[in-house]
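In the numbering used here, the protein residues as written are 346 to 454.
Before any comments, here is the structure.
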Amino acid sequence: MWFSVGVLSSAEPPTFKRDIAPIFKAKCQKCHGFLVKQKGLSLRSLKSIRKGGESGAVIVPGKPESSILVQQLSLPTKNPKRMPPATEKLQLTAAEKKLIARWVKAGAR
Ligand code: HEC
Numbered sequence: 346m347w348f349s350v351g352v353l354s355s356a357e358p359p360t361f362k363r364d365i366a367p368i369f370k371a372k373c374q375k376c377h378g379f380l381v382k383q384k385g386l387s388l389r390s391l392k393s394i395r396k397g398g399e400s401g402a403v404i405v406p407g408k409p410e411s412s413i414l415v416q417q418l419s420l421p422t423k424n425p426k427r428m429p430p431a432t433e434k435l436q437l438t439a440a441e442k443k444l445i446a447r448w449v450k451a452g453a454r
């Protein structure tokens, strides 16, 4: 598992505004933003993220392993639920995936 205990417990908790919003803005909002909301999901604000999408909640604060937003980042490229879709040029780096998991683990604030 890439969200190993060492990574998740490292000191400073990531914050939405400082650490996560720039990633979502660059790599997700084209499809989950103001104009387009694929699967009913907007990743523009903490409020819209907590509201979730058609599947319901996409994050469970404190539990990255139960959060579909976190799970879908690491699906095999062939899976249509993998985010961002494998056809996208802008993919997440391993460090960004870890940061998102750490943010959820720390309560997604
Ligand atoms: C090119 C467009 C596109 C981009 C970029 C994209 N998504 Fe998606 N997203 C989709 C589509 C299409 C679906 C529906 C997929 C399906 O279930 O078949 C989806 C579904 C989702 C869902 C499930 C919502 C629900 O209620 O089931 C999550 C969570 C998600 N995306 C997160 C992300 C994150 C996080 C990023 C950025 C790292 C991202 N997406 C980038 C198109 C995109």
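Think of the CB as a built atom: it goes at the ideal place given N, C-alpha and C, for glycine as much as any other residue.
Identified DSSP bridge partners for residue i
i, result
"residue 382", "377"
"residue 401", "398"
Supposed close pair residue i, residue j - CB separation, criterion 8 Å
i, j, result
"residue 391", "residue 361", "5 Å"
"residue 385", "residue 399", "4 Å"
"residue 370", "residue 437", "13 Å between Cβ atoms; not a contact."
"residue 420", "residue 429", "Contact doesn't hold; Cβ gap of about 11 Å is too wide."
"residue 444", "residue 359", "6 Å"
Same chain, Cβ closer than 6 Å to residue i, five either side skipped, listed in chain order
i, result
"residue 442", "418"
"residue 376", "383"
"residue 397", "403"
Close-in-space but distant-in-sequence residues of the same chain around residue i (CB under 7 Å, 5 per side omitted)
i, result
"residue 407", "450, 452"
"residue 356", "none"
"residue 374", "388, 389"
"residue 459", "Beyond the ends of the chain as shown, which are 346 and 454, falls residue 459; an answer cannot be given."
Sequence-distant residues of its chain with Cβ nearer than 8 Å to residue i (five each side left out)
i, result
"residue 395", "402, 404, 453"
Checklist entry - Taking contact to mean at least 3 C-beta pairs separated by less than 8 Å, is the stretch 418 to 427 in contact with the stretch 387 to 403? => result Too few Cβ pairs lie closer than 8 Å, so no.
Item to check | Cβ contact (3+ pairs, closer than 8 Å) linking the stretch 406 to 413 and the stretch 361 to 370 | outcome: The answer is no - the stretch 361 to 370 does not touch the stretch 406 to 413, with fewer than three Cβ pairs under 8 Å.
Checklist entry - If you scan the stretch 406 to 441 from start to end, which runs of the beta strand (DSSP E) of 3 or more residues do you find wholly inside it? => result Qualifying beta strand (DSSP E) stretches: none in this window.
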